[in-house]
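Visitor: Under this note's numbering, the first residue of the sequence shown carries the number 66, and numbering increases by one thereafter.
Note that the Cβ used here is the ideal one computed from N, Cα and C, for glycine as well.
Predicted model only: the values in this text are computed from it and were never measured.
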Amino acid sequence: MFQQDSLKGKTILITGGGTGLGKSMALRFAELGANIVITSRKKDVLEAAAHEIEKKGAKVFVQTSDIRKYDEIDSVVDQAWQHFGSIDVLVNNAAGNFITPTELLSPNAFNSIVGIVLNGSFHATQAVGRRWINNQRGGRVLSMVTTYAWTGSAYVVPSACAKAGVLAMTRSLAVEWAKYKIRLNAIAPGPFPTEQAWENLVPDGFEEKWKKRIPLGRSGRHEELANLASYLVSDFADYINGEVVTIDGGEWVSGAGEMNMLTEMSPEDWMKMAERFKK
Ligand code: HXC
Ligand code: NAP
Numbered sequence: 066m067f068q069q070d071s072l073k074g075k076t077i078l079i080t081g082g083g084t085g086l087g088k089s090m091a092l093r094f095a096e097l098g099a100n101i102v103i104t105s106r107k108k109d110v111l112e113a114a115a116h117e118i119e120k121k122g123a124k125v126f127v128q129t130s131d132i133r134k135y136d137e138i139d140s141v142v143d144q145a146w147q148h149f150g151s152i153d154v155l156v157n158n159a160a161g162n163f164i165t166p167t168e169l170l171s172p173n174a175f176n177s178i179v180g181i182v183l184n185g186s187f188h189a190t191q192a193v194g195r196r197w198i199n200n201q202r203g204g205r206v207l208s209m210v211t212t213y214a215w216t217g218s219a220y221v222v223p224s225a226c227a228k229a230g231v232l233a234m235t236r237s238l239a240v241e242w243a244k245y246k247i248r249l250n251a252i253a254p255g256p257f258p259t260e261q262a263w264e265n266l267v268p269d270g271f272e273e274k275w276k277k278r279i280p281l282g283r284s285g286r287h288e289e290l291a292n293l294a295s296y297l298v299s300d301f302a303d304y305i306n307g308e309v310v311t312i313d314g315g316e317w318v319s320g321a322g323e324m325n326m327l328t329e330m331s332p333e334d335w336m337k338m339a340e341r342f343k344k
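#1: Can you find the residues in the same chain that come closer than 6 Å, C-beta to C-beta, to Leu249, ignoring five residues on each side of it along the sequence?
#2: Helix, strand or coil for Leu92? Go by DSSP, reduced to three states.
#3: With DSSP as the reference, please indicate the residues paired to Thr104 in a beta bridge.
#4: With a 10 Å radius around its C-beta and 16 neighbouring C-beta atoms as the bar for buried, classify Asp136 as buried or exposed.
#5: Do Val110 and Glu119 count as a contact pair if the criterion is CB distance below 9 Å?
#6: Starting from Ile252 and walking both ways along the beta strand (DSSP E), at which residues does that stretch end?
#7: For Phe271, is the classification buried or exposed, using 16 other Cβ atoms within 10 angstroms of its Cβ as the cut-off for buried?
#8: Just to confirm, are Arg253 and Thr211 a CB contact at a threshold of 9 Å?
#9: Nearest-angstrom Cα distance between Gln191 and Ala291?
#10: Taking DSSP as the reference, what is the three-state secondary structure of Phe126?
#11: List, from N- to C-terminal side, the alpha helix (DSSP H) runs of 4 residues or more that fit wholly inside the region 223-306.
#12: Skipping 5 residues on each side, what residues in its chain have a beta carbon closer than 7 Å to that of Phe175?
#13: Between the region 74-87 and the region 312-321, do three or more beta carbon pairs fall short of 8 Å?
#14: Out of Val318, Leu327, Ala339, Gln261, which has the shortest C-alpha to C-alpha gap to Asn162?
#15: How many Å lie between Pro49 and Lys75 at the Cα?
#16: First and last residue of the beta strand (DSSP E) that includes Ile312?
#17: Measuring only the C-alpha atoms, how far is Tyr220 from Arg341?
#18: Within 8 Å: the Cβ of Pro254 and any heavy atom of ligand 1?
#19: Thinking C-alpha only, which one of Ile101, Asp131, Ile164 is nearest Phe149?
#20: For Val210, which three-state DSSP category applies?
#21: Give a yes or no on whether the C-beta atoms belonging to Ala115 and Leu155 are separated by under 9 Å.
#22: I think Lys228 touches Val182, with their Cβ atoms under 8 Å apart; what is that distance to the nearest whole Å?
#23: Distance check for Thr165 and Ala99, CA to CA, integer angstroms please.
#24: Name the residue from Ile152, Thr167, Leu97, Leu293 whose alpha carbon lies nearest to the alpha carbon of Trp22.
#25: Output the distance between the C-alpha atoms of Ser319 and Met330, rounded to the nearest integer angstrom.
#26: Alpha carbons only, please: which of Asp269, Lys343, Gly203 is nearest the one belonging to Tyr245?
#27: Which same chain residues end up closer than 8 Å to Ile305 when comparing Cβ atoms and leaving out the 5 residues on each side of it in sequence?
Printed below as a string of structure tokens:
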């Protein structure tokens with residue numbers, strides 16, 4: 066879909082880039098010519114991912130951080146900037162999430178998720194953004210949210226609150242920082258199978274039920290999301306700012322439309338309706 070040098074010379078920092086969708090994006094960005102920076106808490110996971118990404122011909126910088134702590138992500142940004150000479154793109158991808166009845170949540174459980182998702186995305190955005198502003202150069206931020214950032218969702222209240230906040234940050238800074246040539250967008254994925262998300266979020270027997278909610282009848286493929294992300298962080302998307310792009314096979318609008326359950330009607334049912342109208 067893309068010319069192989071679409072992201073050539075760009076340095077892209079991906080939080081939580083050692084696993085799941087973060088790693089899939091890193092691999093695709095690397096194929097398209099970018100230098101990659103990945104950070105998260107687990108050094109061994111980051112190093113294994115870096116090895117895979119390097120095989121695509123990319124230069125990779127790795128440093129651990131707990132994104133809940135500003136100083137740790139600020140140090141990653143500082144070291145990566147020195148290593149590559151700048152950072153062009155930040156992808157806010159790191160996340161934590163689990164399902165639980167909300168009345169059972171401890172204050173620390175709520176804070177843990179909001180700390181990773183909302184505070185962490187803010188920390189990384191501010192650490193990179195300040196450098197872009199001080200160096201009078203533009204930049205791009207792409208944040209991973211979900212469709213329940215605007216619909217809300219039962220059983221994931223901390224994540225829903227945090228993702229709604231990340232979306233609000235995206236739209237707010239898209240205006241505030243446009244004068245610095247910094248643009249911010251978000252992707253709202255539906256279900257894309259990854260090890261940790263499935264472990265934390267999908268109870269036994271629910272995967273098939275989940276797929277039935279999706280009009281296209283399947284979950285997302287990592288390369289589909291990685292290609293969308295590649296476009297949004299590239300020069301080709303330079304007039305897209307403050308937007309959230311949903312990639313969910315039609316899942317959330319399917320839950321929203323008043324008459325959408327009529328997709329269950331058979332041709333015979335529609336014939337009967339036609340008879341009724343004639344009468
Ligand atoms: C209730 C829980 C819990 C659970 C942990 N806690 N798991 N409460 N149900 N399943 C509570 C703990 O008891 C503790 O509170 C507090 O949360 C912090 O737990 P820790 O284990 O100390 O936290 P930490 O080591 O920081 O781990 C964070 C984590 C963990 C989120 C709990 O799962 C993690 O690191 N996850 C990262 C990967 C991940 O979650 N990926 C999924 C992203 S998917 P107390 O009070 O006991 O101290 C995603 C997709 C969304 O976002 C959309 C899908 C369509
Ligand atoms: P994942 O594999 O669980 O990745 C989450 C990453 O975040 C891990 O690499 C983890 O690494 C890192 N992380 C967690 N806590 C951290 C902390 N305190 N500091 C630094 N890094 C931390 O998740 P995924 O399924 O690929 O999801 C990626 C993104 O897409 C997330 O933002 C998620 O909310 C969003 N999303 C996913 C889906 C889906 O279906 N998969 C759907 C909608 C939205 P460490 O453990 O090493 O720290």
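Guide: On the basis of the coordinates in this document:
#1: Apart from sequence neighbours up to five positions away, the residues of its chain that approach Leu249 with a beta-carbon distance below 6 Å are Val206, Thr235, Leu238, Ala239, ordered along the chain.
#2: In the structure shown, Leu92 sits in a helix (DSSP, three-state: H, G or I).
#3: DSSP output for Thr104 lists Thr80 as bridge partner(s).
#4: The residue is exposed, with fewer than 16 neighbouring Cβ atoms inside 10 Å.
#5: In this structure, the beta-carbon distance from Glu119 to Val110 does not fall below 9 Å.
#6: Ile252: member of the beta strand (DSSP E) spanning 247-254, first to last residue.
#7: By the C-beta density criterion, Phe271 is exposed, having fewer than 16 other C-beta atoms within 10 angstroms.
#8: Checking the sequence, you will find Ala at residue 253 rather than Arg. In this structure, Ala253 places its C-beta atom within 9 Å of the C-beta atom of Thr211.
#9: Gln191 and Ala291 have their C-alpha atoms some 24 Å from each other.
#10: Three-state DSSP puts Phe126 in a strand.
#11: Fully enclosed alpha helix (DSSP H) runs of 4 or longer: 260-266, 272-277, 287-298.
#12: Within the same chain, Pro223 come within 7 Å of Phe175 by CB-CB distance, once the 5 residues on both sides are set aside.
#13: With a cut-off of 8 Å, the region 312-321 and the region 74-87 do not count as touching, because too few Cβ pairs lie within range.
#14: Scanning Val318, Leu327, Ala339, Gln261 for the CA closest to the CA of Asn162 turns up Gln261.
#15: Only positions 66 to 344 of the chain appear in this structure, which leaves residue 49 out of reach.
#16: Counting along the chain, the beta strand (DSSP E) containing Ile312 begins and ends at 309-312.
#17: Between the C-alpha atoms of Tyr220 and Arg341 there is a straight-line separation of about 42 Å.
#18: Checking every heavy atom of ligand 1 against the Cβ of Pro254, one is found closer than 8 Å.
#19: Ranked by how close their Cα comes to the Cα of Phe149, the residues Ile101, Asp131, Ile164 have Ile101 in first place.
#20: Reduced to three states, the DSSP call for Val210 is coil.
#21: It is not a contact, given that the beta carbons lie outside the stated cut-off.
#22: Taking C-beta atoms under 8 Å as the contact rule, Lys228 and Val182 qualify, at a distance of about 6 Å.
#23: Between Ala99 and Thr165, the C-alpha separation is close to 39 Å.
#24: Limits of the chain in this structure are 66 at one end and 344 at the other, which puts residue 22 out of reach.
#25: Rounded to the nearest whole angstrom, the CA to CA distance from Ser319 to Met330 is 15 Å.
#26: Nearest option by C-alpha distance: Gly203.
#27: Correct list, in chain order: Arg248, Asn250, Leu297.
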